[in-house]
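Quick note, the sequence shown lines up with residues -6 to 260 if you use my numbering.
A virtual CB, placed ideally from N, CA and C, is assigned to each residue, including glycine.
Contents: one structure, followed by commentary.
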Amino acid sequence: MTGSNLSIATWNINSVRLRIDQVAKVLTEQAPDVLCLQEIKVAEHLFPHDAFEALGYAHRAIHGQKGYHGVATVSKVPFTEFSRHDWQDNGEARHVGVELHGKGQGMILENVYIPAGGDVADREVNPKFGQKLDFLERMTRWADKIDRPTLLVGDFNIAPLECDVYDHKALLKVVSHTPIEVETLGKLADAHGWVDLGRKHIPAPERNYSWWSYRSYWRQKDQGRRLDHMWASPDLAAQSVSHRFVEETRKWEQPSDHVPLITEFAL
């Protein structure tokens, strides 16, 4: 990696304290400038700051809560916290935004953990599904007003394309791949003209999964879904030079069910 390139990673870690050694391994081996974590499952005062400090990630923005949800952005590059939105309108810690200084100067980096939405794709029967759709609609109104080069990353809990899941027909009624979710996410994409970097660099229908359930024989059957995303403002997207997913983490002992994604920008 050349010195002028900026690399940004995103990873649903499914408990940062439980998997801090795995985070350290990824940061050591992949060396992103910035890492956005979701589902940290910890309040800010109990976040493992020392481990990140030791690895050179001196800049941290944490929006956490006890036991559930939570997001954190850690960085070698200086930043200032920019925003915290409650798009679910219920106080859950699901978003933090920062503005980069130095390398990547002026870039806004929005780290989001969109709700999973429960098991039944019907807001009448399952209020969590309605909350997920409402969250996306609030984000869409927000995205409509963005006027800065922005990178939106995180666990979106939706696999939008037919090739983003192992079996499109089998998953049409399964939360994360239903037509209403895909349509709602599409409106968010259109609100700012976001460029999906995962598919800019790994074009459909190439395999590009980021999540495999704990419940299935995912390794033998490769029952993956692309639930994690990195979306860029059009002008920023033009500067992205590579994108990869670090699939080996899913095979580690007691892994997260998600794997990290990393995009490099030539700025």
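Collapsed DSSP secondary structure at residue i in the structure displayed
i	result
D82	coil
F122	helix
Q213	helix
L220	coil
T177	helix
L(-1)	strand
T242	helix
A109	coil
T73	strand
T66	strand
L265	Lying before the first or after the last residue shown, residue 265 is absent from the chain, which here runs from -6 to 260.
V91	strand
A182	helix
Q15	helix
A231	coil
L39	helix
F128	helix
K162	helix
L20	helix
G60	coil
Pairwise C-alpha distance: residue j and residue i
i	j	result
M132	S249	26 Å
G97	V118	45 Å
R208	V64	24 Å
H94	H52	11 Å
D14	Q58	21 Å
D148	S203	9 Å
D79	F128	8 Å
L164	K121	19 Å
K244	T21	18 Å
L181	E130	7 Å
K125	I173	11 Å
I195	D157	11 Å
K162	P198	15 Å
G110	D82	15 Å
T(-5)	G123	For T(-5), the predicted model reports a pLDDT of 47, less than 50, meaning its position is unreliable and no value from the coordinates is stated.
A265	V234	The chain is shown from -6 up to 260; residue 265 falls before or after that span and cannot be answered.
Q313	R134	The structure shown has nothing for residue 313, since the chain only spans -6 to 260.
Supposed close pair residue i, residue j - CB separation, criterion 8 Å
i	j	result
M223	G191	6 Å
A44	A17	6 Å
E37	Y106	At roughly 15 Å, the Cβ-Cβ gap does not stay under 8 Å, so E37 and Y106 are not in contact.
L28	V67	5 Å
S(-3)	L260	6 Å
I6	L30	5 Å
L220	N150	5 Å
In DSSP terms, what residue i is bridged to
i	result
L144	L102 and A225
R237	I255
D189	W224
N201	DSSP output for N201 lists no bridge partner at all.
L28	A2 and V67
R53	V67
At a cut of 8 Å, does the stretch 168 to 179 reach the stretch 136 to 144 through at least three beta carbon pairs? no
Do three or more CB pairs link the stretch 59 to 79 to the stretch 109 to 127 at distances below 8 Å? no
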